[in-house]
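*Asks:* Supplied in structure tokens, the structure appears directly below.
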Amino acid sequence: MRLTKTKLAYLRTLEPEDALAEIAKLREEYNAYNRDYRKRRGEEGRAKHAANMRTWRKKNPKASRSIARRWRENHPEAVREERRKYKETRKKKGRTPKELEAHKEHNRRWYSRSKAVKYVTEKPEEARRVIAQQLPGYLTADAKRDITNEAITAILSRNVLFEEIGSCAKPFVTAYNRMFDQFKNISIDAPIKGTEDLRLIDLVPADAFHF
3 MRLTKTKLAY LRTLEPEDAL AEIAKLREEY NAYNRDYRKR RGEEGRAKHA ANMRTWRKKN
63 PKASRSIARR WRENHPEAVR EERRKYKETR KKKGRTPKEL EAHKEHNRRW YSRSKAVKYV
123 TEKPEEARRV IAQQLPGYLT ADAKRDITNE AITAILSRNV LFEEIGSCAK PFVTAYNRMF
183 DQFKNISIDA PIKGTEDLRL IDLVPADAFH F
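This note's numbering puts the first residue of the sequence shown at 3, with every later residue one more than the last.
See below:
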């Protein structure tokens with residue numbers, strides 16, 4: 003909503019409360035005009051307006067969420083009515099095959115996670131043995147214990163399916179290797195950090211075996 007210079011000058015002459023009331027009135031008149039304009043434009047105009055709003059919301063997600071949140075806070079009755087109509091419509095139409103399949107998959111994964119939590123809770127030692135069997139031999143005892151604890155925590159946090167317990171340690175082993183650089187490749191021609199162009203190859207005796 004844009005105000006003319008004349009209208010702005012008029013608002014400055016009012017008391018703060020009167021100015022706010024006048025602005026609210028102007029906003030309502032502006033919204034009413036837009037509603038009437040869209041009504042006159044017909045279905046094509048409404049579709050174009052909806053497309054423009056979707057584009058704007060996509061480009062301004064934070065502002066869009068903020069506006070929607072304020073609207074819901076200021077119109078609780080309208081929100082309840084929308085939810086009631088949505089439930090009635092869904093009840094009449096029923097779920098599509100795709101929605102039914104998604105709901106079924108959601109329930110399956112929920113049950114699988116619950117089963118994994120129950121397994122770790124009731125058989126902790128057995129669960130630890132299953133995880134320990136997945137750990138490579140080069141890891142130290144402390145590293146194996148830490149990775150096992152991380153995997154157990156992930157299961158209890160419902161982040162692991164029951165059928166994934168047999169391979170759930172892999173991402174934690176990978177993260178450990180990245181953290182401690184287990185497999186870092188170093189070029190023998192590269193200069194050693196902290197030296198004056200000293201290379202690893204310079205430390206190899208001249209009579210050393212070469213391929």
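Don't be surprised by glycine CBs; every beta carbon is placed ideally from N, CA and C. Computed from a prediction, not measured in an experiment: that's the story for all the values here.
Answer yes or no: do L137 and V175 have a C-beta to C-beta separation smaller than 8 Å?
*Replies:* Going by C-beta atoms, L137 is nearer than 8 Å to V175.
*Asks:* So, are the CB atoms of V119 and I157 less than 8 Å apart?
*Replies:* For V119 and I157, yes; Cβs fall inside 8 Å.
*Asks:* Using the C-alpha atoms, what's the distance from R74 back to R85?
*Replies:* R85 and R74: Cα-Cα distance of roughly 12 Å.
*Asks:* Which residues in the same chain have their Cβ closer than 7 Å to the Cβ of V122, if we skip the five residues on either side of it in sequence?
*Replies:* These residues qualify, in order along the chain: A129, I154, I157, L158.
*Asks:* Could you say which of R201, N151, Y140 lies nearest to E127 if we only look at CA atoms?
*Replies:* Ranking the options by Cα distance to E127, first place goes to N151.
*Asks:* Closer than 8 Å by C-beta to A25: which residues in its own chain qualify, once you throw out the five before and the five after it? Chain order, please.
*Replies:* Note that residue 25 is Ile in the sequence shown here, rather than Ala. So the qualifying residues of the chain are L13.
*Asks:* Distance check for R160 and Y88, CA to CA, integer angstroms please.
*Replies:* Between Y88 and R160, the C-alpha separation is close to 31 Å.
*Asks:* Out of E166, T142, P193, which one is the CA nearest neighbour of F182?
*Replies:* For the residues E166, T142, P193, the minimum Cα distance to F182 belongs to T142.
*Asks:* Report the three-state DSSP secondary structure of P99 (helix, strand or coil).
*Replies:* It is helical.
*Asks:* Which first and last residues belong to the alpha helix (DSSP H) in which N151 is found?
*Replies:* Taken as a continuous stretch (DSSP letters only), the alpha helix (DSSP H) holding N151 covers 143 to 158.
*Asks:* With DSSP as the reference, label R4 as helix, strand or coil.
*Replies:* Correct three-state label for R4: coil.
*Asks:* Looking at the structure shown, is P138 part of a helix, part of a strand, or coil, going by DSSP?
*Replies:* In this structure, P138 counts as coil in the three-state DSSP scheme.
*Asks:* Return helix, strand or coil for K93, following the three-state DSSP convention.
*Replies:* K93: helix per DSSP, three-state reduction.
*Asks:* Buried or exposed: where does V81 fall if 16 or more other Cβ atoms within 10 Å of its Cβ makes it buried?
*Replies:* Classification for V81: exposed.
*Asks:* Straight-line CA distance for E101 to W112?
*Replies:* Straight-line Cα distance between these residues: approximately 16 Å.
*Asks:* Could you check the C-alpha separation between A70 and N62 for me, to the nearest Å?
*Replies:* Rounded to the nearest angstrom, the two C-alpha atoms are 12 Å apart.
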